Amino acid sequence: MKTFEELGVSEEIRRAIEELGFEHPMPVQEEVIPYLLGNGNDVIALAQTGTGKTAAFGIPLLERTDPTNRNTQAVVISPTRELCLQIADDLKSFAKYIKGINIVAVYGGTSIIDQIHALKHGAQIIVATPGRLIDLMHRGAAKVQNVRNVVLDEADEMLNMGFSDSINEIFDNVPADRNTLLFSATMSKDIERIALNYLHDHKEIVVGSRNEGAENVNHIYYMVNAKDKYLALKRIVDFYPRIYGIIFCRTKAETQEVADKLIRDGYNAEPLHGDLSQQQRDITMQKFRQHITQLLVATDVAARGLDVDDLTHVINYGMPGDTESYTHRSGRTGRAGKKGTSISIIHTK
Ligand code: AMP
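In the numbering used here, the protein residues as written are 202 to 550.
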């Protein structure tokens, strides 16, 4: 087993990560860190969350940053606010003993003014969601003309969320001779296209196997406050106008309540749960099978007898009690060679 010193990590960073309890590099770190600290520039790493990928790109990023220069030298782009904050926190803790490095997280859904202010002090590393970064670039608050490193984290998620144009725009505005690091849980045609357009002579690293689990199912989650769950659901449904899917709820009461709200808000939805008569349930299932109903709001039990193989989405309105139900629910999409998406709306509690 190698040490971080053998991978070429500097003393300041080693001190910080030792305090975090990192004793030995994780596999993705063992591959990515020495490569990027050497002559290698571009990397595609297929790695899921939990594999140590943040340190794999974060440590070389910090090693390559000049703390005496206040220009923005790196941008890390990630799909969600939570991930931005998480990455920025991790980078800050790795950089604890490096003087003068300023890392700023910017993301949508919150006031842009404070973020503009934070960037004014000079941020060598910006961790951003794509849309907000573009917005800040347009306002002249984020200046990316001196960027040497671009990291795309959870690139597959960003493409799923429709950030493809924003990513292209960011790449069009950073210097051509930058380094590009792309992290993704899965490899898809779209990821290959980005690699072709924006990476040069890249090294491809696979941690675990490619496209693990149900091959045709994409897994996405949104972390929201409990009171915003329904709002998040509406946003998701609005985002996929051609959605044909099941929204799984945990209880009969919740199922009825979510269906009622959706119907009231003008969506093509119907509830399916055990408090309805058998006749009602049969009619509901039939309408859903015939695509007359677009969204079925159901409990696990009620949806058991329903066999449809062309669902575009499964939405978990809250996580199910165990992994088995999750696998079972998401296995209802991505069938018969089709692509499907399993979305979970999780609340912060
Ligand atoms: P990530 O995949 O970046 O989300 O990291 C997963 C978790 O592993 C985080 O909590 C990290 O702090 C932790 N971690 C990363 N690298 C190491 C390491 N070399 N040794 C121990 N823990 C680590």
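Glycine is no exception: its CB is placed at the ideal position from the N, C-alpha and C atoms.
All values reported here derive from a predicted model rather than from experimental measurement.
C-beta contact flag for residue i and residue j at 8 Å
i, j, result
"residue 379", "residue 349", "yes"
"residue 473", "residue 499", "yes"
"residue 210", "residue 245", "no"
"residue 273", "residue 345", "yes"
"residue 418", "residue 534", "yes"
"residue 224", "residue 203", "no"
"residue 275", "residue 218", "no"
"residue 305", "residue 320", "yes"
"residue 521", "residue 508", "no"
"residue 354", "residue 389", "no"
"residue 371", "residue 313", "no"
"residue 548", "residue 427", "yes"
"residue 331", "residue 260", "no"
"residue 515", "residue 475", "no"
"residue 262", "residue 326", "yes"
"residue 494", "residue 444", "no"
"residue 518", "residue 440", "no"
"residue 316", "residue 307", "yes"
"residue 295", "residue 421", "no"
"residue 546", "residue 468", "no"
"residue 206", "residue 238", "no"
"residue 482", "residue 504", "no"
"residue 243", "residue 400", "yes"
Reference residue i, options the options, closest by Cα
i, options, result
"residue 471", "250, 205 and 461", "461"
"residue 407", "394, 383 and 401", "383"
"residue 511", "498, 490 and 522", "490"
"residue 249", "369, 229 and 263", "229"
"residue 251", "227, 260, 241 and 264", "227"
"residue 362", "306, 281, 290 and 289", "281"
"residue 497", "315, 536 and 464", "464"
"residue 367", "386, 337, 377 and 347", "337"
"residue 365", "340, 387 and 395", "395"
"residue 318", "297, 298, 300 and 341", "341"
"residue 392", "523, 247, 351 and 284", "247"
"residue 381", "374, 369, 405 and 351", "351"
"residue 208", "216, 236 and 484", "236"
Residues that residue i bridges to, as DSSP identifies them
i, result
"residue 381", "351"
"residue 148", "In the structure as shown, the chain starts at 202 and stops at 550, and residue 148 therefore has no counterpart that could be examined."
"residue 449", "499 and 517"
"residue 276", "327 and 351"
"residue 252", "DSSP output for residue 252 lists no bridge partner at all."
"residue 534", "512"
Residue i beta carbon near the ligand ADP (any heavy atom closer than 7 Å)
i, result
"residue 253", "Absent from the structure shown: the ligand ADP. Ligands present: the ligand AMP."
Unbroken beta strand (DSSP E) run spanning residue i, endpoints
i, result
"residue 518", "514-518"
"residue 424", "418-425"
"residue 247", "244-247"
"residue 306", "304-307"
"residue 545", "541-548"
Chain D within 8 Å of residue i, Cβ atoms only
i, result
"residue 493", "No chain D is part of this structure, which consists of one protein chain only."
Range of the contiguous alpha helix (DSSP H) that encloses residue i
i, result
"residue 471", "Where residue 471 is concerned, there is no enclosing alpha helix (DSSP H), although the beta strand (DSSP E) it sits in stretches over 470-473."
"residue 148", "Shown here, the chain extends from 202 to 550; a query on residue 148 therefore has no answer."
"residue 143", "Because the chain is modelled from 202 through 550, residue 143 falls outside the range shown and cannot be assessed."
"residue 440", "430-440"
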